[in-house]
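Chains as they are written, first to last, in our numbering: chain C, 3 to 204; chain G, 3 to 204. Backbone N, C-alpha and C fix where the C-beta goes; we use that ideal spot for every residue, glycine too. All figures in this text were calculated on a predicted structure; none of them were measured in a lab. Step one of this worksheet: look at the structure below.
Below you can see the structure in the form of structure tokens.
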């Protein structure tokens, strides 16, 4: 039950209203469950505000997150809230640059092209709420340069909120982000020999 | 990116299929953000499976979680997935026992009556996925007896998944639960003087 009261009043020259409406960069990291799930849960709030929501799913798996995908798409189609665009690397980014000489781009190259699209959308203010799902892995692996990401996020125009999920978020990103939550695993059914099940893991 | 492979095969006499479909009790605790949000994100998966979803919101605030509430209700109304029933203590439980002599029941009494309704629904298998939002507080405060909750959950019939959120989940509940995630705060905008904002906190 958040109290809604800041513990510090910063000396940043902003009014409370300006500060309240400041666009946020949020990071969900750690080895526990709930990083992506909480990000998609936040997207429900954005949808309820009527904001355009853009999801960029930086994973290959087709099965995981299909529940969230179907739900958020269905919400977008109700017309009662914001629009939802779901970009899934597993099905190939629709905007991807294919080079017929070299065949299918590598996972790394697809991921990088996904980031390039995010940059274009941020510049164009395409969405008001972004979920960059599993994006922290790309930074951790060095596929996308963290310093560049921080620079792009810092300079993004308008009122665009961005949530980044994934284990091993680089310290440079954590330092820059406005809100960081570490999801710690206390106990997981897989530790007790239980496999993932529908409705729970996807 | 979960690998989907258990690390242990238990000697419990169950087949993998039986074990896979075992109903789960999940707890999201800790002082960080994302406990409830991740629970509502999970509800998207349950909805996508066509399961009846029951939310019990054990808080008084009307503003918080209105985004998730509107979104999940809208999903339930699409007819494309499961049904959604949202029970909110802030607006009074609809089933509450009123005693005209004593006036409005106390917060504690309302909370306890909410738990009584959860017990009835579990016994009747009303839902397949339950969100008991902020319920851990009630246990921590002693308003509801943790030993009783564990007993009811242990003996619940059928295939009913239950997610309990809130800080300070009692150890007895953590010990019993199948999945426990601790959301740790690394950084929060309120620490930097930022108040909650629409689309983010509600």
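Residue i in three-state terms, based on DSSP
{"i": "residue 109 (chain C)", "result": "helix"}
{"i": "residue 193 (chain G)", "result": "helix"}
{"i": "residue 23 (chain C)", "result": "coil"}
{"i": "residue 58 (chain C)", "result": "strand"}
{"i": "residue 88 (chain C)", "result": "strand"}
{"i": "residue 64 (chain G)", "result": "For residue 64 (chain G), the pLDDT reaches just 49, beneath the cut-off of 50, and the residue's location in the model is therefore unreliable, leaving the point undetermined."}
C-beta neighbour in chain G for residue i, strict 8 Å
{"i": "residue 108 (chain C)", "result": "no"}
{"i": "residue 184 (chain C)", "result": "yes"}
{"i": "residue 113 (chain C)", "result": "no"}
{"i": "residue 89 (chain C)", "result": "no"}
{"i": "residue 199 (chain C)", "result": "yes"}
{"i": "residue 39 (chain C)", "result": "yes"}
{"i": "residue 116 (chain C)", "result": "no"}
{"i": "residue 30 (chain C)", "result": "yes"}
{"i": "residue 3 (chain C)", "result": "Residue placement at residue 3 (chain C) is poorly supported in this model, since its pLDDT is 41, which falls under 50; the coordinates are not used for a value here."}
{"i": "residue 70 (chain C)", "result": "yes"}
{"i": "residue 80 (chain C)", "result": "yes"}
{"i": "residue 73 (chain C)", "result": "yes"}
{"i": "residue 53 (chain C)", "result": "yes"}
{"i": "residue 176 (chain C)", "result": "yes"}
{"i": "residue 160 (chain C)", "result": "no"}
Cβ-Cβ separation, residue j to residue i (assumed contact under 8 Å), whole Å
{"i": "residue 91 (chain G)", "j": "residue 60 (chain G)", "result": "6 Å"}
{"i": "residue 2 (chain G)", "j": "residue 130 (chain G)", "result": "Nothing about residue 2 (chain G) can be read from this structure; chain G reaches only from 3 to 204."}
{"i": "residue 83 (chain G)", "j": "residue 43 (chain G)", "result": "Residue 83 (chain G) to residue 43 (chain G), Cβ: 14 Å. No contact."}
{"i": "residue 25 (chain C)", "j": "residue 109 (chain C)", "result": "Incorrect: roughly 30 Å between the Cβ atoms, too far for contact."}
{"i": "residue 124 (chain G)", "j": "residue 172 (chain G)", "result": "Actually they do not touch by this definition, with Cβ atoms about 19 Å apart."}
{"i": "residue 185 (chain C)", "j": "residue 35 (chain C)", "result": "7 Å"}
{"i": "residue 170 (chain C)", "j": "residue 138 (chain C)", "result": "6 Å"}
{"i": "residue 197 (chain G)", "j": "residue 182 (chain C)", "result": "So it is not a contact: roughly 18 Å between Cβ atoms."}
{"i": "residue 50 (chain G)", "j": "residue 72 (chain C)", "result": "5 Å"}
{"i": "residue 135 (chain C)", "j": "residue 85 (chain C)", "result": "Not confirmed; about 18 Å, so no contact."}
{"i": "residue 114 (chain G)", "j": "residue 95 (chain G)", "result": "Rounded, the Cβ-Cβ distance is 10 Å, inconsistent with contact."}
{"i": "residue 45 (chain C)", "j": "residue 74 (chain C)", "result": "6 Å"}
{"i": "residue 191 (chain G)", "j": "residue 180 (chain C)", "result": "5 Å"}
{"i": "residue 148 (chain G)", "j": "residue 54 (chain G)", "result": "Not a contact, Cβ separation roughly 26 Å."}
{"i": "residue 165 (chain G)", "j": "residue 133 (chain G)", "result": "5 Å"}
{"i": "residue 69 (chain G)", "j": "residue 204 (chain G)", "result": "6 Å"}
{"i": "residue 23 (chain G)", "j": "residue 161 (chain G)", "result": "7 Å"}
CB contact below 8 Å: residue i versus chain C
{"i": "residue 50 (chain G)", "result": "yes"}
{"i": "residue 202 (chain G)", "result": "yes"}
{"i": "residue 164 (chain G)", "result": "no"}
{"i": "residue 47 (chain G)", "result": "yes"}
{"i": "residue 180 (chain G)", "result": "yes"}
{"i": "residue 42 (chain G)", "result": "yes"}
{"i": "residue 36 (chain G)", "result": "yes"}
{"i": "residue 187 (chain G)", "result": "yes"}
{"i": "residue 190 (chain G)", "result": "yes"}
{"i": "residue 23 (chain G)", "result": "yes"}
{"i": "residue 170 (chain G)", "result": "no"}
{"i": "residue 150 (chain G)", "result": "no"}
{"i": "residue 146 (chain G)", "result": "no"}
{"i": "residue 143 (chain G)", "result": "no"}
{"i": "residue 27 (chain G)", "result": "no"}
{"i": "residue 137 (chain G)", "result": "no"}
{"i": "residue 57 (chain G)", "result": "no"}
{"i": "residue 120 (chain G)", "result": "no"}
Neighbour flag for residue i against chain D, beta carbons, 8 Å
{"i": "residue 77 (chain C)", "result": "Going by chain labels, chain D is absent from the structure shown, which instead holds the protein chains C and G."}
Which runs of the alpha helix (DSSP H) spanning at least 4 residues fall entirely within the region 113 to 188 of chain G, listed in chain order? The DSSP assignment places complete alpha helix (DSSP H) segments of no fewer than 4 residues inside the region 113 to 188 of chain G at 137 to 143, 148 to 156 and 173 to 178, in order along the chain.
Report yes or no: do three or more beta-carbon pairs, one from the region 51 to 60 of chain C and one from the region 114 to 121 of chain C, lie closer than 8 Å? With the cut-off at 8 Å, the region 51 to 60 of chain C and the region 114 to 121 of chain C touch.
Take every Cβ of the region 172 to 187 of chain C, pair it with every Cβ of the region 30 to 42 of chain C, and state whether three or more of those distances are shorter than 8 Å. Contact holds between the region 172 to 187 of chain C and the region 30 to 42 of chain C, because three or more Cβ pairs, one in each stretch, are under 8 Å apart.
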